[in-house]
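Worksheet: the structure to be examined is printed underneath.
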Amino acid sequence: MAKGQRLMMERSGYMAPEYAIDGLFSVKSDVFSFGILLLEIICGKKNRGSFHPEYSINLVGHAWKSWKEGRTLELIDTLLKDSCILSELERCLHISFLCLQQHHEDRPNMSFVVMMLHSEGSLQEPKEPGFYVGKKSPSSSKNQSSSTNEITITLLDGR
Numbered sequence: 001m002a003k004g005q006r007l008m009m010e011r012s013g014y015m016a017p018e019y020a021i022d023g024l025f026s027v028k029s030d031v032f033s034f035g036i037l038l039l040e041i042i043c044g045k046k047n048r049g050s051f052h053p054e055y056s057i058n059l060v061g062h063a064w065k066s067w068k069e070g071r072t073l074e075l076i077d078t079l080l081k082d083s084c085i086l087s088e089l090e091r092c093l094h095i096s097f098l099c100l101q102q103h104h105e106d107r108p109n110m111s112f113v114v115m116m117l118h119s120e121g122s123l124q125e126p127k128e129p130g131f132y133v134g135k136k137s138p139s140s141s142k143n144q145s146s147s148t149n150e151i152t153i154t155l156l157d158g159r
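In UniProt numbering, the protein residues as written are 1 to 159.
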């Protein structure tokens with residue numbers, strides 16, 4: 001992954017991958033943003049910064065890794081653990097991952113998200129979420145150089 005693309009993904013916060021990288025917006029771009037908000041509420045943390053000393057991962061990556069390893073209890077905010085039903089919180093976490101799918105066609109639409117939140121039916125297995133960044137390689141930060149070639153043209157017109 002290019003350094004600039006990684007930086008964009010780390011700074012994008014709530015933006016869907018298709019919008020942050022390609023400037024494309026779909027009806028499911030807001031679903032991605034909702035998934036981030038839901039994840040932040042469940043974890044009690046913002047989707048900013050790094051959550052692991054060896055891995056360059058944001059909250060989404062940290063939560064995904066923990067969820068795949070069966071460590072969901074570690075993710076849930078302690079205030080919620082004490083005041084909510086754990087199975088409902090785990091379901092919300094699962095739904096957040098369905099909203100955070102890399103490709104917009106894999107995400108549910110918002111009406112289906114609402115239905116999943118109100119029902120107790122089974123949920124499909126999510127794929128790896130968008131903006132999941134894996135392990136840092138030792139050479140990636142040292143030997144990689146980058147340059148950005150940009151040009152800005154400003155035309156001034158009188159009134």
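Cβ coordinates follow ideal geometry from the N, Cα and C atoms, glycine included.
| query | result |
| --- | --- |
| Go to H103, then tell me how far its alpha helix (DSSP H) extends in each direction, as first and last residue. | Element bounds for H103: n/a, residue is neither H nor E. |
| Could you tell me if G23 is buried or exposed, where buried requires 16 or more neighbouring beta carbons within 10 angstroms of its beta carbon? | exposed |
| Mind checking who P129 pairs with in its DSSP beta bridge? | Q101 |
| Between K127 and F32, what straight-line distance do the alpha-carbon atoms span, to the nearest angstrom? | 13 Å |
| Ordered along the chain, which non-local residues of its own chain (more than five positions away) have a Cβ less than 7 Å from that of S26? | E18 and H104 |
| Label E40 either buried or exposed according to how many other C-beta atoms from any shown protein chain fall within 10 Å of its C-beta, with 16 as the threshold for buried. | buried |
| Buried or exposed: F112, going by 16 or more other Cβ atoms within 10 Å of its Cβ? | exposed |
| So the candidates are Q124, R48 and C43; which of them puts its Cα closest to the Cα of S66? | C43 |
| What three-state label does DSSP hand A16 in the structure shown? | coil |
| Check V114 in the structure and name its three-state DSSP category. | helix |
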